[in-house]
């Protein structure tokens, strides 16, 4: 039987800059597949609390009307880059698809850079708190290099150089920009509702799953969505459950076969396979106005009608 530190020894023989893609694949597919998937999902969830981001996602309708598909498409596009590498045909196709989607909307460079920072920072912090081990300095350096390279391919300007600068950027951006928006709240609600259907959550009452999720959120994030603050006991229970899981995993053998995102039970939109070029959203074939009618009485979970049908 392989030792639990099998992949750690493998990573230590690699160079964090030259081999950043291989190290990132090992972390995501072998060492921490569930944890990094949860961390990246939580990273995206945090971005909804920036009104300029959450409101835009609401206005597209994708995150509220087709939540499962949007969840799957986002993960699968990013996973194609990770699995095949940025220099591969598949990786280039995934980045092209991502850039095409972003190019359909007026997204500021600051928002794009902030979203990138969450992908760099949140997994490291998640594993520090809930992983069966924390990421090593080599792994943090490699992961940071991986996302820096991805950000360059997405034409993001002003990308930080080191992890600490990404962390400072993320924290400062959230402090300055987190705020309530009814559309962003609707996106967050739809995402939490989807989470209640994921195994093993689907065997529990939905409200209990949501309460568990609130127990993992920090106060600024809860306040931005106007979510209830959990009791200290609930916080201890939620975080203690994840730490108990980590203690069990420390005793498990290493995962030798890679676990791909498309093989996870949460991803359900493409039982017969998918083509990267067909993932995500596409511009309408006829001129339409994507702006929704202003509705001052809108409440979380309700969406104002579109100006044009078919979007």
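Residue numbers (the working numbering): 470 to 780. Each residue gets a CB set at the ideal place from its N, CA and C atoms; glycine is no exception.
Is the beta carbon of residue 551 sitting closer than 8 Å to the one on residue 618?
-> No, Cβ-Cβ distance for residue 551 and residue 618 is not below 8 Å.
Express the C-alpha separation of residue 564 and residue 576 in angstroms, rounding to a whole number.
-> Our two residues, residue 576 and residue 564, have alpha carbons roughly 17 Å apart in a direct line.
What distance in whole Å lies between the Cβ atoms of residue 524 and residue 648, which are believed to be in contact at a cut-off of 8 Å?
-> 10 Å between Cβ atoms; not a contact.
Simplified DSSP assignment, three categories, for residue 665 | Coil at residue 665, not helix or strand.
Kindly say whether residue 489, judged by its beta-carbon, lies nearer than 8 Å to any beta-carbon of chain B.
-> Here chain B cannot be found, since the structure has a single protein chain.
Are the beta-carbon atoms belonging to residue 745 and residue 535 less than 8 Å from one another?
-> Going by C-beta atoms, residue 745 is not nearer than 8 Å to residue 535.
If I'm right that residue 584 touches residue 516 with Cβ under 8 Å, what's the distance once you round it to whole angstroms?
-> The Cβ separation is near 5 Å, so the contact holds.
Let me know if residue 700 comes out buried or exposed under the rule of 16 or more other beta-carbons within 10 Å of its beta-carbon.
-> Result: exposed.
How would you call residue 748, buried or exposed, if buried means at least 16 neighbouring beta carbons within 10 angstroms?
-> Answer is buried; the Cβ neighbour count reaches 16.
For the segment 496-524, list the alpha helix (DSSP H) runs that are entirely contained and at least 4 residues long, ordered along the chain.
-> Runs found: 502-516.
Environment of residue 478 [buried if 16+ CB atoms lie within 10 Å] = Its Cβ having fewer than 16 others within 10 Å, residue 478 is exposed.
Is the distance from the Cβ of residue 782 to the Cβ of residue 623 below 8 Å?
-> Any question about residue 782 goes unanswered here, given that the chain covers just 470 to 780.
Taking three-plus beta-carbon pairs below 8 Å as touching, is the segment 594-606 in contact with the segment 714-726?
-> By the Cβ rule, the segment 594-606 counts as touching the segment 714-726, because three or more pairs are nearer than 8 Å.
How is the alpha helix (DSSP H) around residue 612 delimited, first residue to last?
-> Run containing residue 612: 606-622, per the alpha helix (DSSP H) assignment.
Pull up the distance between the alpha-carbon of residue 643 and that of residue 471, whole angstroms please.
-> Note on geometry: alpha-carbon atoms of residue 643 and residue 471 lie some 42 Å from one another.
First and last residue of the uninterrupted alpha helix (DSSP H) at residue 735 | No alpha helix (DSSP H) holds residue 735; DSSP gives it neither H nor E.
Between the C-alpha atoms of residue 661 and residue 512, what's the straight-line distance to the nearest angstrom?
-> Roughly 14 Å between the two C-alpha positions.
Tell me where the alpha helix (DSSP H) around residue 694 begins and ends.
-> Unbroken alpha helix (DSSP H) run through residue 694: 688-694.
Span separating the alpha-carbon of residue 741 from that of residue 641 | Cα to Cα, residue 741 sits roughly 43 Å from residue 641.
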